[in-house]
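Numbering (this note's numbering), first residue to last: 10 to 435.
We treat Cβ as the ideally placed atom computed from N, Cα and C, and that holds for glycine.
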Ligand SMILES: [Zn+2]
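Here it is in C-alpha cells:
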C-alpha cells in the first residue's frame with residue numbers, strides 16, 4: 010500500500026515536471042545565477058512625472074529591474090550597456106493591435122472580409138510571429154490584441170511568446186470578437202458561416218454568456234465586443250451584462266464603437282475601454298470620463314486613413330482626440346494597423362500614429378503616458394510593467410532624442426530590452 014502511494018506520488022512528480030519543463034527550457038537556457046546587466050542611461054524619462062533625470066544607472070537582474078539611480082553600484086560580474094548618449098524610457102504599449110491579420114490590399118481589394126476568407130489560421134499565426142517581432146523592434150514591449158485572428162491564432166501567438174519560442178511583446182489577447190449577428194461583415198443567406206470563426210455572433214443573453222466563456226476557455230485574456238457595425242446595436246443593458254460577466258471572470262472588456270449611438274451606449278454601460286469612438290460628442294466624452302472608461306482612439310494619421318480607405322476620417326479622429334484631451338478622458342495609445350506598406354513594418358506604422366497626437370495638440374508628456382502607464386493600467390499589468398522601477402519587468406527602450414522634447418522621437422527606437430533580454434541595440 011505504502012509503495013503504491015509512493016509510486017503514485019512519483020508518477021505525479023514526473024507528470025508535473027513534464028508540464029513545467031518545456032517552458033523553463035525555452036525561456037532560460039542559462040543555468041546558475043541570473044544574468045546582471047547595468048544600463049548607463051544618459052537621460053532617463055519618467056512618463057508619470059513627465060521628468061527627465063540625467064546619468065542614471067539601471068541594474069537589471071534576470072528579467073527584472075533591481076535598482077535605479079545615479080549612484081547604483083555596478084557588480085563586478087555585470088555586463089555594462091552604454092546608453093549614455095541616448096534617452097531611456099519604459100517599453101511602449103499599443104493597446105489596439107491585430108497582429109494575426111495583414112490585409113493584402115491588391116488581392117483583397119481593400120476589404121479585410123476577403124483577407125479572412127483567404128488566409129487560414131495557421132498562416133495568420135505565422136504572420137502574427139512576424140508582426141510581433143516587428144512591433145518589438147519598434148519599441149512596443151506590450152500589446153493588447155483585439156481579435157481578428159481566425160480560430161484563436163492570437164492565443165497561439167501569445168503562448169509562443171510566453172514560452173520563449175519567438176520574440177514578441179507581452180500580449181493581452183481577445184480571441185474571437187463578440188458581435189451582433191453578422192459581426193463586421195455583410196453576409197449572404199446561402200453562405201451564412203463565412204464570418205465564422207472570425208466573429209462569435211451573440212444576440213441573446215445566453216449567447217453572450219456562452220461566447221465570453223468559450224473565449225476564456227480558449228485562451229482570451231480580454232473580451233472584445235463590436236457594439237455597432239450593424240443596424241441593430243447592443244443596448245446599454247446588453248453591454249452591462251457582458252461587462253459584468255467579463256469582470257466576474259477577471260477580464261476587462263473592450264468595445265468597438267464606430268458610431269455616436271454605439272459609443273454612447275458603451276460609455277453609459279461603463280466598459281473598460283472604447284475603441285475608436287471617433288463620433289463621440291463632448292457629452293459622451295464627459296460620460297466616459299465619469300464612468301472611468303479609457304479611450305483607445307486609434308487616431309489614424311492622414312496616410313493610415315488613406316491606406317484603410319477612409320481618408321475623410323483623419324480629421325474626425327484628430328478633432329475627437331483634441332476634445333477628449335481637453336475634457337480629460339483617460340487615453341491609451343492604440344493603432345489598429347492591419348495594412349502593409351512597402352518600406353515600413355507593423356511597428357514603424359504603429360509608431361507613426363504619434364503624428365495625430367501632435368496634430369491634436371496633445372503635450373508630449375500626456376502622449377507618453379498614453380503609451381506607457383495608462384496602457385499598462387488598461388491591460389491590467391501595471392504592477393509588472395509600464396515603468397522603470399525596482400521589482401518591475403525590465404522592458405526598456407532607448408532613442409537618440411528625448412521624446413518629452415519631441416514625441417516623434419519614439420519613431421526612432423534604437424535599443425529594446427524585453428524581460429531583461431536585449432532584442433535590439435543599434
Ligand atoms: Zn481594430
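Relative to the non-hydrogen atoms of ligand 1, the Cβ of residue 273 never comes closer than 7 Å to any of them.
Here the alpha carbon of residue 267 sits roughly 47 Å from the alpha carbon of residue 44. DSSP places residue 180 in the uninterrupted beta strand (DSSP E) bounded by 179 to 182.
As summarised for the stretch 174 to 248, the continuous alpha helix (DSSP H) elements at least 4 residues long and confined to that stretch are 214 to 226, given in chain order.
Runs of beta strand (DSSP E) with 3 or more residues, each lying fully within the stretch 275 to 337, are found at 282 to 285 and 303 to 305, listed in chain order. Annotation for residue 131: the continuous alpha helix (DSSP H) segment containing it runs 130 to 146. With a cutoff of 8 Å on beta-carbon distance, residue 93 and residue 423 are scored as not near each other. Proximity annotation: ligand 1 has residues 105, 107, 155 and 345 in chain order, each selected because its CB is closer than 6 Å to a heavy atom of the ligand. The criterion of a C-beta distance shorter than 8 Å is satisfied by residue 276 and residue 302. Counting every other CB atom within 10 Å of its CB across the protein chains shown gives residue 272 a total of 16 or more, marking it as buried.
The Cβ-Cβ distance between residue 416 and residue 53 does not fall below 8 Å.
In this structure, the straight-line span from the alpha carbon of residue 139 to that of residue 203 is close to 26 Å. For the stretch 375 to 434, the full-length alpha helix (DSSP H) segments reaching 4 residues or more read 382 to 388 along the chain.
The stretch 146 to 155 and the stretch 356 to 370 touch, with no fewer than 3 CB-CB distances between them shorter than 8 Å. Counting along the chain, the unbroken beta strand (DSSP E) around residue 51 starts and ends at 45 to 55. Scanning 121, 407, 409 and 381 for the CA closest to the CA of residue 103 turns up 381. Judged by beta-carbon spacing, residue 348 lies within the 8 Å limit of residue 316, meaning their Cβ atoms are closer than that value. Nearest in C-alpha terms to residue 82, of all of 405, 51 and 46, is 46.
Annotation: residue 94 is outside any alpha helix (DSSP H); the continuous beta strand (DSSP E) that includes it extends over 88 to 99. By the Cβ-count criterion, residue 111 is buried, with 16 or more other Cβ atoms from all chains shown falling within 10 Å of its own Cβ. In the DSSP secondary-structure assignment, residue 153 is bridged to 181. Contact between residue 234 and residue 262 holds, since their C-beta atoms are separated by about 7 Å, short of 8 Å.
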